[in-house]
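**Q** If you're matching them up, the sequences are chains A, B and C in order.
Residue 221 in the working numbering sits at position 221 of the first sequence, with consecutive numbering throughout.
Residue 514 in the working numbering sits at position 131 of the second sequence, with consecutive numbering throughout.
Residue 1322 in the working numbering sits at position 517 of the third sequence, with consecutive numbering throughout.
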Amino acid sequence: MKQENYIEPDSKFIKNIINRGGGTLKKCFQCATCSVMCKLSPDYKPFPRKEMIWSQWGLKDRLIQDPDVWLCHQCNDCSVNCPRGAAPGDVLDAVRRSIIEYFSLPKFLGKMVGEPKFLPVILTIPVLLVLLLISLSSQNGHGFNIDLNGEILFRNFILYNCIDIAAVILTLFIVICYGTGLFRFWKELNKNPLPPGATGVGIVSGVIKTVVELLTHNKFKECEANSLRYWAHLFIWYGFLLLFVATTIVFLGIQLTHLKHDLNLMPPWGIISPIKIFGNLGAIALLVGLILVIYNRLTNEENAGKATYFDWSFIILLLVVTITGILTEIIRMASLALLAYIMYTLHLVFVFALLLYMPYSKFAHFLYRFLALVHAKVSGRSI
Amino acid sequence: MSEKGSVLVVGGGISGITTALEAAEAGRKVVLVEKEPYLGGRVARMNKYFPKLCPPTCGLEINFKRLRQNPDIKVYTLSQVENISGEKGNYKVTIKVNPRYVDDRSATTQCVEECPSEIDNELNYNMDKIKAVRLPLDMAYPMKLVADRDALEKIKDSDEYNKFASECEKKGIKINLDDVPKTIEENVGSIVWATGWQPYDATKLDNLGFGKYKDVITNVIMERLASQNGPTNGQITRPSDGKKVETVAFVQCAGSRDENYLPYCSGICCLASLKQATYIRDQYPDAKIYIFYIDLRSHGRFEEFYNRVQKDENIILIKGKIAKVTEDPQTKDLIVEGENTDTGEKVGTKVDMVVLATGIVPSTKDEPAPIDATYDEFGFMLEDPAKSGIHPAGCVKKPMDVGSSLSDATAAALKALIDTVK
Amino acid sequence: MEKIGVYIDTGYGIGEALDIDALKDVAVKEYKVPLCKTRDYWCDEDAVGEIKSDIEKEGLDGLVIAGTSPRVHRDIFSFEGIYVERVNLREQVIWCHPAGDEDTQMLAEDNLRMGIARAKKSSFKPLFPETLDEDIDKTILVVGGGITGITAAQGAADAGYKVVLVEKEKELGGWAAKMYKYYPVTSPYTELEGPDIESKIEAVKNNDRIKIYTGSRIFKLQGAPGLFDAYIMPDGDWENKPSYLVYEAKKAALASAEGKEDKKEEEKPPETEAPKEEEIPADAFKERVGAAVLATGWRPDDPNKLEFLGGGKFKDVITNIQMEEMAKNGAIKRPSDGKEVNSVVFLQSLRENEENPLIYCSSVCDMVTLKQARYLREKNPDAKAYILYKNLRAPGQFELFYKKTQEDENIFFSKGNVYGVEEEGGGLVVKVKDSLLGEDIKIKTDMVVLGMGMVPVTLDSSVLNLDYRQNAAVPTNKFGYPDSHFVCFPYETQRTGIYSAGCIRQAMDHASCIEDGLGATLKAIQCVELTSQGKAVSPRAGDTTYPEFFMQRCTQCKRCTEECPFGAINEDEKANPLPNQTRCRRCGICLGACPERIISFGDYSIEVIGSMIKAINVPDEFEEKPRILLFICENDAYPALDMTGFHRMQYNAWIRVIPMRCLGSMHLVWIADALANGFDGMFLMGCEKGDDYQCHFVKGSELAGIRMEKIKETLDRLMLESERIRVETVSIADYNKIPEMLDEFAEKIEELGPNPYKV
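In structure tokens:
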């Protein structure tokens, strides 16, 4: 005998979903076509049918605890086949967003990132941050000894230490805010009763399996209605990965150089240096991926799902980061000093923006989904 | 020329027949126009009516009896209304009457068996062949043969054909391929449009495998399979290999209640499937039947029939739409996939045969009346007070079961009476 | 008939298969018919012309046409004022028996003998209207002034007929007028519609063809189609009048049907009698009418039955009717404390106990709920509406209204089994099992609305108070619907000239009620028109024959008055049958019932059928040619037998076929005649009986069965094997089963050996 629960629809939550792209949710009449069309949906308590009625009824707590929301890769096989014109894919996306927002810390940031009207504020923060760094660099002794005719050395423009310190602070900020959100999310996930007879795996192998899944993107492959999405996401994901690795190595290089001056691991590196190649490949991959995404979003609205401000803001941010990054490099090699320094500044601004808003932007889905997938594997929900 | 104040009924299905008879027995002259060579329309192709599980021929026979003895009804088969002009109380109607290409007094099929030419049997949804010269139905009205001109033209110079033709001649059957359509003009005061419905084209349903897998059939085909005069003489077997069926799945709302196909509910499919489940159970005491539905819509007293069928534990009703039908390449079994929304579990049931409960499309969707009339967005004709001389009856108006069609058609007869009050 | 011409058709292969000269001899030598002709295809124009001129020249008054089944060319072989007997030599002789065979020939000859014998014995003078001393009145009586009744009255008036409209309430309009909104019945099917009944009421009031009695009821309806007298009682304290009868028994029957898995034999409603002449109050109005439309509609089922859902227990659990009233009167407030309502739970498909099946669905409840949820949201913008359904029923284009309604953020849908409603903290709690949410839930709410079922008022009341011998009420099925055969004969009741329309017939929405009102009116008009020409209404539409009663020999046994499925025959105080000519449906069941054999039709009587039996040539026992008589229902079984021939299926040629108007008209004396004439077996073939009966006359085949049981007893007493008689029910589609049935019976008879009474 299941125990009975009092049901109280959360109207605000329903509105929230609707405003964030889930406008079609009320159309669902529970025929469960979606649950069948979805390749990723497990046989026991499949999604997204139950998520649809939970959303209709505004049952926030059910959805927050529900790993299935994150098993969905929004390939939209469900939406395309829905007899009622409801788009479960979009609804689940909106639900994920509302959840990210729900766990965001501090709340106001989560809200601001989500809403266009706060865009100016959102942009000024990183700008100020970079300006601060520049001014810091100039204040101390050897600041601003840049030679517009000589070799272009960004480290003379903004000291690496400044950037690194800033980066460290930012990272801490992210770890705390994002971390708490993720931690609370994990706790919610674990409130889920395990499916009967489900044989999950240990946490470690759960993580490993998930990583493999991410690296191979095999779940994405299953998508029918929107296969382009698989490639787009794959490129972005790997592009980002490469750049992330490259940056880390550079960062470490710099730190080591500070410690032992005799080994010079200071940038700039030669164009043929492995790190450079690494990074450039990443940049290109990222660019290709982004172009694919944008193309797909623009040409194939029906199958790609409804793109919202939340999607666009992230896509564009990522795009400018990439472009400014690439330009900075090119210009530097073309040794147009002034231009190079300006472009570099811009690049930094956007990079900071990207990192700063990681816990609140679409970016955040990366680790939320990661946790959900791990949980799904541990609980035996989806292996 | 029929006299003023008479009534034109277009469509010789159960609705049209009813309107014609009721109006005539209430004292009006009636012109009944049917495009097929026989009266009875869709019900003539059915095996049984729900909920009484009685044969449609019973009701048709008594109506034909009423027709035969009623001099006030003029019946044109193989005919189409081509043009209507005028206004309420005084319409001029031109009717194209196609020839039967065979003049037959004897209503016998004896010699027809010898016919050298065969054509697809459209009546059985082309599941079998039929002689090019034939009686359309066992109990056809009119009890007259009809010939397929095109088929016979092909062979008309062959000896076997000439032999056949002369044989027929002896038996009082004259084949005349040179016969030509006639155009007839009628003058009527009121028009009842009862051209009925078409089954929805199941090949449009991407994921349900009709046309792709032989053993995926539709509910209208099932009626023929179960019918004594159908392609299998009433034996319900798998179209692919003629084997008996042990498990059958009924897929409700195959196209209906679906924005991508028919946004409305076709009203009768639930009951049709419950009924057809009993056909199978009668023939196969051990057969298992699964009916997958979104909402089981057995309105009114039909609920009792629903209860009756539910009591059979070999008929399993599952709430959840079938989204996909696939074939097991090895066993050739069909697999229907859906979610049982009551238990929240996916089902992938293996069955021998799948019946798609396809819906009703008003004939007026593709063939609107040649007169200004009002339709809804789906092509159903609406009773429009502003266009008072023409009245829809039966399934051109909305999806209806047989009983409702009869009562609706009777109501239409009164409207026609009122239009033509002397 | 005096002067008979016999026309034998040699076409269709009859000429080749049979010895035509021998057939001719039967006509000419045995029966001495003045005229007997043979040729191919008498249906040809010139041939028909020849027959016509024969009729004139020879002054024939009867024809016997031997050839195709009577079901073929009926239109061709009908001649004004001439009796035509068709002898089936094709479908039931040459098509199902070997050509040139001795037995086939014997069969053909016997068929011809029967045909000629019948034609000789038959007469058919249309009996009325000539015999009626009063004129047929064509006024249409409409009982019930709701949307159905109003439409019916308007329709009849528009068609040119006088109308008497009777409504029990002070105002016309019924439920339709009490509604706040209608759900949409026309494209685009998405928005609520306002009640539009006022204009209709006005139109009826201002129509001088329509005479309206409001605040009145039918105190008594006596007479017959075309000759009804309606006694109309204005106002008055009805409940105390003997005529307003409440069928407790019937209610109990329904309740028990609800309760049980299999419905048990439900008790018959008590025999009720219309008020006597002297009881009719002085202030009653008398109206002469021709036919009646019964449109007294429905009442909501009793919420007290739904105690477990708080029905009649909690103030804030109301019916959908109360909801409608509340909305019409303005704000939707909580009955208990008059507070603004912020949430409402709507419940559908209600039964007294969750375990029970719903015995019938009231069709509209789900749609009504959608409607009420919609206007609740209009009136109280902050209110939440919960709709808990079993199967959400929005058939046809109504689906679009459902779809539109779904879009409202604050209307929540789920399937679920509601198993309890309780009061809790000043509000209500609805407990739901197996919801689509995947769990059992409780919903806190201000108010619960019960979608009550619709009960036809004929379940409680005899309404028309018929002055009929069988009962003052129109017979109803177990739901209380006044039914005949609701699929094939909608509107028809088991009382000729009385047609039911609207929710009294089955639950339906107002749009369907409008159509229904018109349909039933058409039937009523048809009835007065046919009646005025002395013709029967369907299923024997156009039949001008009529049963005559030879009263001198009547023993007042009451069989005819009891067994007539249409209650046509009344009784006087001495229990003499009082036939009501215009109530008769010509099925002949009374004929079959009468032990004194005093009831007969011109072409269908003890004598006519008897003469056919006697006409058959029964070989004596040494010839080893048994004879079997097949009494067959002409409506379904006879066409089925034709089909057997059509498919060239062969069966035993010892069988001789006599068609019956209805198997219910089967008279025991014919069995006796047959035995006396040396027949070895008797086979009766009629339509399905029982709940899903297919008998066109409701209970004909059932009665035949009962009678045969009786005769079997007698046979046993006479030391005659009762297996010699068999009764089978077949449907028209069973033609393929018939040969086996007959052959198997023939074998049985052969085993039993010849009938000892053979001479």
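Glycine included, C-beta positions come from ideal geometry on N, C-alpha and C.
Note that this is a predicted model, so its numbers are computed, not measured.
#1: Sorted by chain position, which residues of the same chain lie with C-beta nearer than 6 Å to C:N1578's C-beta, five sequence neighbours on each side aside?
#2: Please report the distance separating the alpha-carbon of C:A852 from that of C:Y846.
#3: How many Å lie between C:K1065 and B:K704 at the Cα?
#4: So, helix, strand or coil for C:I1006, using DSSP?
#5: So, with DSSP's three-state summary, where would you put B:E505?
#6: Does the beta carbon of A:Q56 sit closer than 8 Å to a beta carbon anywhere in chain C?
#7: Near B:P438, which residues of its chain fall below 8 Å by C-beta distance, leaving aside the five closest residues on each side in sequence?
#8: What residue range does the beta strand (DSSP E) around C:A904 cover?
#9: So what does DSSP say about C:K1065, is it helix, strand or coil?
#10: What residue range does the beta strand (DSSP E) around C:M1487 cover?
#11: Given this structure, state the Cα-to-Cα distance separating C:E1071 from B:E405, to the nearest angstrom.
#12: Taking three-plus beta-carbon pairs below 8 Å as touching, is the stretch 414 to 426 of chain B in contact with the stretch 632 to 648 of chain B?
#13: Between which two residues does the alpha helix (DSSP H) harbouring A:I323 extend?
#14: How would you write the range of the beta strand (DSSP E) that C:S1021 sits in, first residue to last?
#15: If you measure between the beta carbons of B:N590 and B:A740, is that distance less than 8 Å?
#16: Should C:S1536 be labelled buried (16 or more other beta-carbon atoms within 10 Å of its own) or exposed?
#17: From the DSSP output, read off the bridge partner residues of C:F1151.
#18: Does the structure place the stretch 233 to 241 of chain A close enough to the stretch 282 to 295 of chain A that three or more beta carbon pairs sit under 8 Å?
#19: Give the C-beta separation of A:S55 and A:G21 to the nearest angstrom, bearing in mind that I take them to be a contact with Cβ-Cβ under 8 Å.
#20: In whole angstroms, give me the CA-to-CA distance for C:F1024 and C:L1323.
#21: Where do the N-terminal and C-terminal ends of the beta strand (DSSP E) with B:H774 fall, by residue?
#22: With DSSP run on the structure shown, which of helix, strand or coil describes A:P116?
#23: Tell me whether A:V91 sits in a helix, a strand or coil according to DSSP, three-state version.
#24: Using a cut-off of 9 Å between C-beta atoms, extract the partners of A:F29 located in chain C.
#25: Taking Cβ positions only, does B:Q452 come closer than 8 Å to chain C?
#26: What is the DSSP secondary structure of B:Q581, reduced to helix, strand or coil?
#27: Does chain B have any CB closer than 8 Å to the CB of C:K1138?
#28: Is there at least one Cβ from chain A nearer than 8 Å to B:I743's Cβ?
#29: With H, G and I counted as helix, E and B as strand and the rest as coil, what does DSSP make of C:L946?
#30: Name the chain B residues whose beta carbon is nearer than 7 Å to that of C:L1323?
#31: Judging by CA-CA distance, which residue of A:Y357, A:H375, A:F370 and A:V374 is the nearest neighbour of A:I176?
#32: Can you have a look at B:G555 and say buried or exposed, based on whether 16 or more other CB atoms are within 10 angstroms of its CB?
#33: List, in order along the chain, the chain D residues whose C-beta lies closer than 7 Å to that of B:A706?
#34: Tell me which residues of the stretch 716 to 738 of chain B have at least one Cβ-Cβ distance to chain A shorter than 7 Å, keeping chain order.
#35: Keeping to the same chain, check which residues put their C-beta closer than 6 Å to that of C:G1115; ignore five residues upstream and five downstream.
#36: At a CB distance below 9 Å, what residues from the stretch 868 to 889 of chain C approach chain B? Give them in sequence order.
**A** Let me spell this out:
#1: Lying before the first or after the last residue shown, residue 1578 of chain C is absent from chain C, which here runs from 806 to 1564.
#2: Working through the third sequence from its first residue, we reach residue 852 of chain C at position 47. Working through the third sequence from its first residue, we reach residue 846 of chain C at position 41. Roughly 8 Å between the two C-alpha positions.
#3: Locating residue 1065 of chain C in the third sequence gives position 260, counting from the first residue. Locating residue 704 of chain B in the second sequence gives position 321, counting from the first residue. Residue confidence is low: C:K1065 scores 46 on pLDDT, short of 50, so the model does not pin down where it sits. Its coordinate-derived value is still stated next. Approximately 31 Å, taken between the alpha carbons.
#4: Along the third sequence, read from residue 1 onward, the residue named residue 1006 of chain C stands at position 201. In the structure shown, C:I1006 sits in a helix (DSSP, three-state: H, G or I).
#5: On the second sequence, residue 505 of chain B is found 122 positions in, with the first residue counted as 1. Three-state result, B:E505: helix.
#6: In the first sequence, residue 56 of chain A corresponds to position 56, counting from 1. So yes, A:Q56 belongs to the interface.
#7: Against the second sequence, residue 438 of chain B aligns to sequence position 55. Cβ neighbours of B:P438 beyond the five flanking positions: N430, K431 and Y432.
#8: The count along the third sequence starts at 1 and reaches residue 904 of chain C at position 99. No beta strand (DSSP E) holds C:A904; DSSP gives it neither H nor E.
#9: In the third sequence, the residue the question calls residue 1065 of chain C occupies position 260. Residue placement at C:K1065 is poorly supported in this model, since its pLDDT is 46, which falls under 50; the coordinates are not used for a value here.
#10: In the third sequence, residue 1487 of chain C corresponds to position 682, counting from 1. Taken as a continuous stretch (DSSP letters only), the beta strand (DSSP E) holding C:M1487 covers G1486 to G1491.
#11: Indexing the third sequence from 1 puts residue 1071 of chain C at position 266. Indexing the second sequence from 1 puts residue 405 of chain B at position 22. In this predicted model, C:E1071 has a pLDDT of only 44, less than 50, meaning its place in the structure is not dependable enough to derive any value.
#12: no
#13: As a first step, residue 323 of chain A must be located in the first sequence, where it is residue number 323. Its alpha helix (DSSP H) spans residues Y309 to M333.
#14: Taking the first residue of the third sequence as position 1, residue 1021 of chain C is located at position 216. Segment S1021 to Q1027, the beta strand (DSSP E) holding C:S1021.
#15: As a first step, residue 590 of chain B must be located in the second sequence, where it is residue number 207. As a first step, residue 740 of chain B must be located in the second sequence, where it is residue number 357. The answer is no: Cβ separation not under 8 Å.
#16: Your numbering for residue 1536 of chain C matches position 731 in the third sequence. Buried is the call here.
#17: Taking the first residue of the third sequence as 1, we reach residue 1151 of chain C at position 346. C:F1151 pairs with C:I1192 and C:V1254.
#18: yes
#19: In the first sequence, residue 55 of chain A corresponds to position 55, counting from 1. In the first sequence, residue 21 of chain A corresponds to position 21, counting from 1. About 12 Å separates the two Cβ atoms, so there is no contact after all.
#20: Position 219 of the third sequence, counted from the first residue, corresponds to residue 1024 of chain C. Position 518 of the third sequence, counted from the first residue, corresponds to residue 1323 of chain C. Roughly 25 Å between the two C-alpha positions.
#21: The count along the second sequence starts at 1 and reaches residue 774 of chain B at position 391. Start and end: I773 to P775.
#22: The count along the first sequence starts at 1 and reaches residue 116 of chain A at position 116. If DSSP states are grouped into helix, strand and coil, A:P116 belongs with the helices.
#23: Here residue 91 of chain A is taken as the residue at index 91 of the first sequence, counted from 1. A:V91: helix per DSSP, three-state reduction.
#24: Stepping through the first sequence from its first residue, residue 29 of chain A is reached at position 29. The answer, in chain order, is L1197, Y1207, K1208, Q1211 and F1218.
#25: Translated into the one-based positions of the second sequence, residue 452 of chain B becomes position 69. Yes, its Cβ sits closer than 8 Å to a Cβ of chain C.
#26: As a working mapping, residue 581 of chain B is identified with position 198 in the second sequence. If DSSP states are grouped into helix, strand and coil, B:Q581 belongs with the strands.
#27: Residue 1138 of chain C sits at position 333 when you count from the first residue of the third sequence. Chain B, which has no Cβ nearer than 8 Å to the Cβ of C:K1138, makes this no.
#28: Indexing the second sequence from 1 puts residue 743 of chain B at position 360. No, no contact with chain A.
#29: Stepping through the third sequence from its first residue, residue 946 of chain C is reached at position 141. It is a strand residue.
#30: As a first step, residue 1323 of chain C is located in the third sequence; it is residue number 518 there, counting from the start. The answer, in chain order, is A794, L797 and K798.
#31: Position 176 of the first sequence, counted from the start, is the residue given in the question as residue 176 of chain A. It is A:Y357.
#32: Along the second sequence, one-based indexing puts residue 555 of chain B at 172. Answer is buried; the Cβ neighbour count reaches 16.
#33: Of the protein chains in this structure, namely A, B and C, none is chain D.
#34: E720, G721, E722, T724, G727, E728 and K729
#35: If you number the third sequence from 1, residue 1115 of chain C lands on position 310. Within the same chain, C:G1115 has close Cβ partners V1122 and V1226.
#36: T873, R876, V877, H878, R879, D880 and S883
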